[in-house]
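Below: the structure, in structure tokens.
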Amino acid sequence: MQNLIALALDDRRLLRPAFVQEQGFSSLIFPDYIDRDDFLRLAAQARAAGSTAITIHHAEFGAGEQVETAADPEAAWESLFDHSHEDIIVSFAPAPLLLWLPAGEHFHVAFGSAAAMTGLADVVALKADFIAYVEESGLTEKGQAFLRDCLTRYMIQA
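In terms of this note's numbering, the sequence shown opens at residue 10 and continues consecutively.
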């Protein structure tokens with residue numbers, strides 16, 4: 010999908026919940042930045058759901074979207090690292106399973122079909138983990154309020 014960033018993100022470069030819902034997708038928000046092990050676990054789940062392609066959509070604020078295709082999860086991880094200062098959406102196709110990595114934020118969001126999302130996380134435990142992360146983050150009250158709002162926006166069940 011070309012121009013995925015323009016379709017999925019709003020003018021503040023936040024994932025539009027309406028986009029997730031329009032696709033008939035569910036979404037889960039995870040605390041902190043994604044690490045290599047979690048990314049490789051997600052890629053393995055996508056592969057188990059039938060994904061054979063990893064496409065990385067990335068853009069700096071105010072710049073056009075760039076698209077790369079990774080040969081394997083390790084190559085995809087290297088690309089994520091190289092573009093970590095940008096907004097990124099990773100698409101595992103044809104699962105569909107997607108991963109939004111917002112530039113500079115303290116969370117990431119997985120979204121996709123119910124089948125692709127199955128088993129990613131226990132929703133109740135994930136919410137508790139996210140709330141604990143927010144409370145222990147050391148962020149300002151405004152930063153914590155933003156993250157609590159994100160929890161509400163991005164826990165979407167199809």
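A virtual CB, placed ideally from N, CA and C, is assigned to each residue, including glycine.
All of these numbers come straight from a predicted model, not from anything done at the bench.
Against chain D, with Cβ distances strictly below 7 angstroms, would residue i count as a contact?
| i | result |
| --- | --- |
| glutamate 77 | Considering every chain present, this structure includes no chain D. It has just one protein chain. |
Please state whether DSSP places residue i in a helix, a strand or coil.
| i | result |
| --- | --- |
| threonine 64 | strand |
| glutamine 75 | strand |
| isoleucine 165 | strand |
| glutamate 144 | helix |
| glutamine 153 | helix |
| phenylalanine 139 | helix |
| phenylalanine 70 | coil |
| glutamate 114 | coil |
State the beta-bridge partners of residue i as determined by DSSP.
| i | result |
| --- | --- |
| leucine 24 | Leu18 |
| leucine 37 | Ala119 |
Given a cut-off of 7 angstroms, decide if residue j and residue i are closer than it, judged by their beta-carbon atoms.
| i | j | result |
| --- | --- | --- |
| phenylalanine 101 | serine 60 | yes |
| alanine 167 | alanine 104 | no |
| isoleucine 98 | leucine 13 | yes |
| aspartate 96 | alanine 72 | no |
| alanine 15 | leucine 24 | no |
| alanine 55 | leucine 106 | yes |
> Does the segment 28-37 touch the segment 108-122, meaning 3 or more C-beta pairs lie closer than 8 angstroms?
Replying inline: yes
> Between the segment 79-90 and the segment 50-65, do at least 3 Cβ pairs fall closer than 8 angstroms?
Replying inline: yes
>> Report the start-end ranges of each alpha helix (DSSP H) in the segment 76-111 that is 4 residues or longer and not cut off at the edges.
In response: For the segment 76-111, whole alpha helix (DSSP H) runs of length 4 or above, ordered along the chain, are 82-91.
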